[in-house]
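Worksheet: one structure, shown below.
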Amino acid sequence: MAPGASHNGHHGLRVRLGNPGRLLAETRELTLLILGHLFVFLLSMGHDEIVAEMVEDGWLFAQYAERFEVAIGLILFLCWSALTWRLVSILQRAVVHSEICPDCHQTRVVERENQT
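Just so we're aligned, residue 285 is where the sequence shown starts under my numbering, counting upward by one.
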């Protein structure tokens, strides 16, 4: 969300994607987390080819290729877990629920009780 934009009286954090130059820090962080997930996903799709290239170029002995591939997979899994953990913590702080008022048919935000 752009700084200075109206919140329409809503309390809580509004999380959206968009141009990083005009976004709040939380929205920028969300965008970077999604890009981080994409980067880790692409690396996990190609990490076996990366290891094969390293063996072919002489950077790695062929007998250690499988172990190195498993190690890279474990590191990527840990990176994915850390990114997901941070993403969930951001989304938990966001505005949780909105419902339509039966009388005026307008959307209003209902904040959940703080469970921490």
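All C-beta atoms in this analysis are idealised placements derived from N, C-alpha and C, irrespective of residue type, glycine included. Computed from a predicted structure; not experimentally measured.
- Verify whether the separation of the beta carbon atoms of I374 and L314 is less than 8 Å. The residue given as residue 374 occupies position 90 in the sequence shown. The residue given as residue 314 occupies position 30 in the sequence shown. Cβ atoms of I374 and L314: closer than 8 Å.
- Task: Kindly list the residues whose CB is nearer than 6 Å to the CB of E353, restricted to its own chain and excluding five residues on each side of it in sequence; keep chain order.
- Result: Translated into positions along the sequence shown, residue 353 becomes position 69. Taken in chain order, the residues that qualify are D332, V335.
- Message: By alpha-carbon positions, which one of T311, M329, E310 ends up nearest to W364?
- Response: Start at 1 with the first residue of the sequence shown, and residue 364 comes out as number 80. Looking at the Cα atoms, M329 is the closest of the given residues.
- Endpoints, the alpha helix (DSSP H) within which G357 is located: As a position in the sequence shown, residue 357 is number 73, starting the count at 1. It spans 349-377 - the alpha helix (DSSP H) in which G357 sits, taken as one unbroken run.
- Assign Q324 to one of two classes, buried (16 or more other C-beta atoms within 10 Å of its C-beta) or exposed (fewer than that). Stepping through the sequence shown from its first residue, residue 324 is reached at position 40. In the sequence under discussion, the amino acid at residue 324 is Val, which differs from the Gln named in the question. Looking at its Cβ environment, which holds 16 or more other Cβ atoms inside 10 Å, V324 is buried.
- Message: Suppose you measure from the CA of V339 to the CA of A346; what does that come to, to the nearest Å?
- Response: For the purposes of this step, residue 339 is taken as the residue at position 55 of the sequence shown. For the purposes of this step, residue 346 is taken as the residue at position 62 of the sequence shown. Those two C-alpha atoms are separated by around 6 Å.
- Quick one: grab the DSSP three-state call for G342. Indexing the sequence shown from 1 puts residue 342 at position 58. Looking at G342 - three-state DSSP - the assignment turns out to be coil, as it is neither helix nor strand.
- Query: From E350 to L344, what does the alpha carbon distance come to, in whole angstroms?
  - Reply: As a working note, residue 350 is residue 66 in the sequence shown. As a working note, residue 344 is residue 60 in the sequence shown. Roughly 11 Å separates the two Cα atoms.
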